[in-house]
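So the protein sequences, as listed, match chains A and B. The opening position of the first sequence corresponds to residue 9 in our numbering, with each subsequent residue numbered one higher. The opening position of the second sequence corresponds to residue -12 in our numbering, with each subsequent residue numbered one higher. One structure is given here, and the rest of the page talks about it.
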Amino acid sequence: QQQVRQSPQSLTVWEGETAILNCSYEDSTFNYFPWYQQFPGEGPALLISIRSVSDKKEDGRFTIFFNKREKKLSLHITDSQPGDSATYFCAAPGYQNFYFGKGTSLTVIP
Amino acid sequence: DMKVTQMPRYLIKRMGENVLLECGQDMSHETMYWYRQDPGLGLQLIYISYDVDSNSEGDIPKGYRVSRKKREHFSLILDSAKTNQTSVYFCASRGCSDYTFGSGTRLLVI
């Protein structure tokens, strides 16, 4: 059973555009959602996170929007840069471990 | 500096050989994980360790075993490696809320 789903699987945007990455989940008890960023050849690293008491979390060019009623989140990357090209994972904490989505591969074209 | 270190970074083994992947962390985290990552499949959980000699199967434990004799060290063992175990393996440790991942071991079984 897939607890966390991400879309699209891959996304290409031009430099300067806003990239929107989507995430949905099934378990309404989830209350914390980190996003991890993974560059080729490296392990995932925490990028930004949000708790369910908030509907928005901003960190520079990265913003999470959270819709608790619809069980959906989105990560917006404004003014996308080629250095943002990476795979992004949405996650939610289960009892023993995080449930990770399958990731969105973002390519930013200069 | 919080760090998870994986050794080796690259490994080539023949089918039927034994494989040892090593992971260390310097944060005294109790909980550690082994994942494998394959294209399109995201991060698949192999094993969880809650502390020394306290391990639990993840979603895909078949063909793997683990060892944790010290809190800072967590090993993944493949007894008689198979070609379908060719993958990138990530170790992670979990602090209060988030994971810290290592840089991965790229294993090729021929």
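Glycine included, C-beta positions come from ideal geometry on N, C-alpha and C.
Looking at the C-beta of residue i, does it have a partner C-beta in chain B at a distance below 8 Å?
{"i": "Y40/A", "result": "yes"}
{"i": "L54/A", "result": "yes"}
{"i": "G68/A", "result": "no"}
{"i": "K65/A", "result": "no"}
{"i": "E34/A", "result": "no"}
{"i": "Q104/A", "result": "yes"}
{"i": "F73/A", "result": "no"}
Any Cβ of chain A within less than 8 Å of the Cβ of residue i?
{"i": "G11/B", "result": "no"}
{"i": "S62/B", "result": "no"}
{"i": "G29/B", "result": "yes"}
Alpha carbon to alpha carbon, how far is residue i from residue j?
{"i": "S80/B", "j": "Q12/B", "result": "7 Å"}
{"i": "L63/B", "j": "Y34/B", "result": "9 Å"}
{"i": "L114/A", "j": "R59/A", "result": "24 Å"}
{"i": "G111/A", "j": "S67/B", "result": "31 Å"}
{"i": "D38/B", "j": "G45/B", "result": "15 Å"}
{"i": "S41/B", "j": "R1/B", "result": "30 Å"}
{"i": "T92/B", "j": "S88/A", "result": "30 Å"}
{"i": "D92/A", "j": "W43/A", "result": "14 Å"}
{"i": "L19/A", "j": "P48/B", "result": "32 Å"}
{"i": "P16/A", "j": "P26/B", "result": "15 Å"}
Measure how close the beta-carbons of residue i and residue j come, nearest whole angstrom, since I'm counting them as under 8 Å.
{"i": "R23/B", "j": "S74/B", "result": "4 Å"}
{"i": "H84/A", "j": "T71/A", "result": "5 Å"}
**OP:** Enumerate, from N- to C-terminal direction, the unbroken beta strand (DSSP E) stretches of 3 or more residues contained entirely within the region 45 to 74 of chain B.
**Re:** Listed in chain order, the complete beta strand (DSSP E) runs (minimum 3 residues) inside the region 45 to 74 of chain B are 52 to 57, 60 to 65.
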